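Down below is the structure, laid out as structure tokens.
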Amino acid sequence: MGAHHHEVVSVEEQFEFTAESKRNLLIGMGVGIALVLLGSYLLSQGGGHDAHAAAGHGAEHDHGAHGYHWTQRIIANLWLNSVYFAGISIIGMFFISYNYLAQAGWSAVFKRIPEAMPAFLPIPAIIMIVLAVFFGDKIYHWMHEGIMDPASANYDAIIAGKQGFLNKPFYIIRLLLYFGLWYVLWRIVRNLSLREDEIGGLDGYEKSIKYGTAFLVVFAVTSSTSAWDFVMSIDTHWFSTMFGWYTLASWHVAGLATMTLTIVTLKERGYLKAVNESHLHDLGKFCFAFSIFWTYVWFAQFLLIYYANLPEEAIYYRERFSGYGGIYKAPFFINILLNFVAPFLVLMTRDSKRTSVILKLACWSILVGHYFDFYTNIMPGTVGANGGFGAVEFGFVLLFACAFIWSVSSQLTKANLIPRNHPMLEESLHHDIA
Amino acid sequence: MAEINKKFLVGVYDDEDIALAAVNKIKSAGVKIYEVYSPFAIHGMDTAIGHPRSRIGIAAFCFGVVGFLCALTLTTWTMGIDWPMVIGGKDPLSYPNYVPAMFELTVLFTAFGMTFTFFISNGLGPTVKPLLFDPRCTDNKFIMAIDLSKNKLSETEIESLIKASGAEEVSVKQL
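So the sequence lines, in the order shown, correspond to chains A and B.
FYI, the numbering used here numbers position 30 of the first sequence as 440, with every residue one higher than the one before it.
FYI, the numbering used here numbers position 38 of the second sequence as 28, with every residue one higher than the one before it.
Printed below as a string of structure tokens:
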């Protein structure tokens, strides 16, 4: 309302996934695989056996050091990237769902971008299910042989007490449920949106509100439980009641940064002409606000543990801060620097949120930062003193990122880039926050 | 905000869209608009009238920095210098413990600072008589005020412009 000075531009736009983009992405994936192979070779030559650096903390990583094999680092990396990119993907559905529920109008014009993101879900889903079934004991302490068997030498009474939730059959069922429910609900809303493009009317919109709300109810529970399953239970002795929120906050802001980055990039390539500075400003606000929200949750978890200083809780931060020869200290601080300090200072002013270069910079900071967020949460519990950041880590990130961009790009070609019959589109085209 | 010996033309509108269109129309005729009063915020009105961007964000940042520094000084002085205390086995100066206090004081200073900045810059206060062209702007009407001393066009010319732009009534107000 009120933005009478805007020129209304055409909403007919077809995204083209060019041969050049495809070639670049294939090269990216090829380089990723080459880096992984190179890194694997280096690790297999003994680069990963150096556990002596953390000899003083022997008791902390009994599951990491005993019988460590360099392939564990490959498994841990696959797991880390799957969790990170699965989270970013599902945030696309999360975003459109709460926008439907709130009957938000402003976001209609770029809705196809978050809508395209969950298409990537099957890939991390398959990787994670295969890893959990066949290599679960390489990731999870609680999947170790005989850990819940009182007769075994490996028996751990505390972990055995969690058997009701942490047992393999129930775990696999949960994995299937998460990905199944997320993907099916997204598919339904996506199909409604594509149908709306062809036939118009309010039917698709009203049904999308219902299914979006159903997804939010599902995600309210599964975002927390999946965070426990994917990440928290790696350090099986430890638990935090903040962890579900914390992981959701991390995924959410990373997903928002992915959306913003995609929208800015598309705009720079001549697409999404109807997206104006007000949309970018609001997306920037989202990234800014949820960076602070993530920090709030991160700090709330940290402060309670720091203040109470109970050994069984504080060990989690001790391992990351100075354990394993201090190799996780840098990621620990990079995390806070890139996820709080940088976006907080960079995105504070109005003009920075309206300048694409600065917006992109902040988005990259958030994306790299949240990779390290998951890195700090997953690596110490899986590879411990054998962790690091080398060719394998770079290679896997590159491989997953290129595959993710491929998936989003091919989804974007499947429909008009702007949902031409969305009932809120007119409001969105005139979005003006002055 | 009492301004003595000024003559204003006051137009009353019934609809915010008409009022916004009227602002654009009257501005394009070269008339300077003093202010538009509305019961709620109208998107795009500030830019249409030609008001410069609000600087309250800068004020907010400054108040926030002041609040943060106050909290930093308070915690450092009390817990580190004046009366160091060991709590929970921690060093007296354990800054993670003081982050909540720093956060709260930053927010408190920013909120109060912005509120008082807003009051002062808008001339609001317990004893100040506010400038009110038409009390209906607090209810259901949109009031446009034009300062005649700031405009080159004559009173009758501006009056006909206001009427042509869809105003329900036009009156003269002497302050």
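Ideal Cβ placement from N, Cα and C applies to all residues, glycine included.
Keep in mind it's a predicted model, so treat the numbers as computed, not measured.
Neighbouring residues, chain B, relative to phenylalanine 719(A) (Cβ below 7 Å):
Contrary to the premise, residue 719(A) reads as asparagine rather than phenylalanine in this sequence. Within chain B, the C-beta atoms nearer than 7 Å to that of asparagine 719(A) come from Gly78 and Gly79, in chain order.
Can you give, in chain order, each stretch of the alpha helix (DSSP H) that sits fully within the region 769 to 842 of chain A and has at least 4 residues?
Fully enclosed alpha helix (DSSP H) runs of no fewer than 4 residues occupy 801 to 822 and 835 to 839 of the region 769 to 842 of chain A, in order along the chain.
Within a Cβ cutoff of 8 Å, which residues of the same chain sit near isoleucine 443(A), ignoring the five residues on either side of it in sequence?
Counting only Cβ-Cβ distances below 8 Å, and skipping sequence neighbours, we find Gly805 and Leu809.
Exposed unless 16 or more other CB atoms sit within 10 angstroms - verdict on glutamine 573(A):
Residue environment analysis places glutamine 573(A) among the exposed positions, since fewer than 16 neighbouring C-beta atoms fall within 10 angstroms of its C-beta.
To the nearest angstrom, how far is it from the Cα of leucine 62(B) to the Cα of methionine 92(B)?
Answer to the nearest angstrom: the Cα atoms are 7 Å apart.
Report yes or no: do the region 687 to 695 of chain A and the region 762 to 774 of chain A share at least 3 C-beta pairs separated by less than 8 Å?
Yes: at least three Cβ pairs fall under 8 Å.
Taking the beta strand (DSSP E) that valine 707(A) belongs to, which residues open and close that run?
Premise fails: valine 707(A) lies in the alpha helix (DSSP H), 687 to 718, not in any beta strand (DSSP E).
Buried or exposed: which applies to isoleucine 583(A), given that a residue is buried once 16 or more other Cβ atoms fall within 10 Å of its Cβ?
With fewer than 16 Cβ atoms within 10 Å of its Cβ, isoleucine 583(A) is classed as exposed.
Taking the beta carbon of threonine 657(A) as the centre, do at least 16 other beta carbons fall within 10 Å, making it buried, or is it exposed?
It counts as buried.
So, for isoleucine 506(A): in the same chain, excluding its five sequence neighbours on each side, which residues have a beta-carbon less than 7 Å away from its beta-carbon?
Correct list, in chain order: Lys521, Pro524, Glu525, Val599 and Gly622.
If you count every other CB in all the chains shown that lies within 10 Å of the CB of proline 721(A), and 16 or more means buried, which is it?
That one is exposed.
Can you name the start and end residues of the alpha helix (DSSP H) that serine 161(B) belongs to?
Premise fails: serine 161(B) lies in the beta strand (DSSP E), 159 to 164, not in any alpha helix (DSSP H).
Got a sec: is the Cβ-Cβ distance from arginine 764(A) to anything in chain B below 8 Å?
Judged by the 8 Å Cβ criterion, arginine 764(A) is not in contact with chain B.
Residues of the region 77 to 110 of chain B whose Cβ lies closer than 7 Å to any Cβ of chain A, in chain order
Answer in chain order: Gly78, Gly79, Pro86, Asn87 and Val89.
Against chain A, with Cβ distances strictly below 8 Å, would glycine 34(B) count as a contact?
At a cut-off of 8 Å between C-beta atoms, glycine 34(B) counts as an interface residue with respect to chain A.
Would you kindly work out how many angstroms separate the C-alpha atoms of glycine 449(A) and arginine 830(A), rounded to a whole number?
Roughly 47 Å between the two C-alpha positions.
In whole angstroms, what separates the C-alpha of arginine 483(A) from that of threonine 672(A)?
Spanning the two alpha carbons is a distance of roughly 31 Å.
Contacts of alanine 844(A) in chain B (Cβ-Cβ under 8 Å):
Under the 8 Å cutoff, chain B gives His33, Gly34, Asp36 and Thr37.
For the region 5 to 21 of chain B against the region 145 to 155 of chain B, are there 3 or more C-beta pairs whose distance is under 8 Å?
Proximity of the region 5 to 21 of chain B to the region 145 to 155 of chain B meets the contact definition, three or more beta-carbon pairs being nearer than 8 Å.
What do you reckon, are the CB atoms on valine 756(A) and leucine 777(A) nearer than 8 Å?
In this structure, leucine 777(A) does not lie closer than 8 Å to valine 756(A) by Cβ.
Since glutamate 145(B) is in the alpha helix (DSSP H), which residue starts that stretch and which ends it?
Boundaries of the alpha helix (DSSP H) around glutamate 145(B): 145 to 154.
Inter-residue spacing [alpha-carbon to alpha-carbon] between alanine 637(A) and serine 562(A):
Their Cα atoms are separated by approximately 29 Å.
When you compare the CB of glycine 47(B) with every CB in chain A, is at least one pair closer than 8 Å?
So yes, glycine 47(B) belongs to the interface.
Nearest to glycine 456(A) by CA position, among Ile702(A), Leu435(A) and Tyr478(A), is which residue?
Distances from the alpha-carbon of glycine 456(A) to those of Ile702(A), Leu435(A) and Tyr478(A) put Tyr478(A) closest.
Would you identify the three-state DSSP class for phenylalanine 132(B), choosing helix, strand or coil?
If DSSP states are grouped into helix, strand and coil, phenylalanine 132(B) belongs with the strands.
If I follow the unbroken alpha helix (DSSP H) through tyrosine 478(A), where does it start and stop?
Per DSSP, tyrosine 478(A) belongs to no alpha helix (DSSP H) and is neither H nor E.
Contact check, leucine 83(B) vs phenylalanine -2(B) under 8 Å by CB: the rounded distance?
At roughly 60 Å, the Cβ-Cβ gap does not stay under 8 Å, so leucine 83(B) and phenylalanine -2(B) are not in contact.
Can you tell me where the beta strand (DSSP E) with leucine 114(B) in it begins and where it stops?
Here leucine 114(B) belongs to no beta strand (DSSP E), and DSSP marks it neither H nor E.
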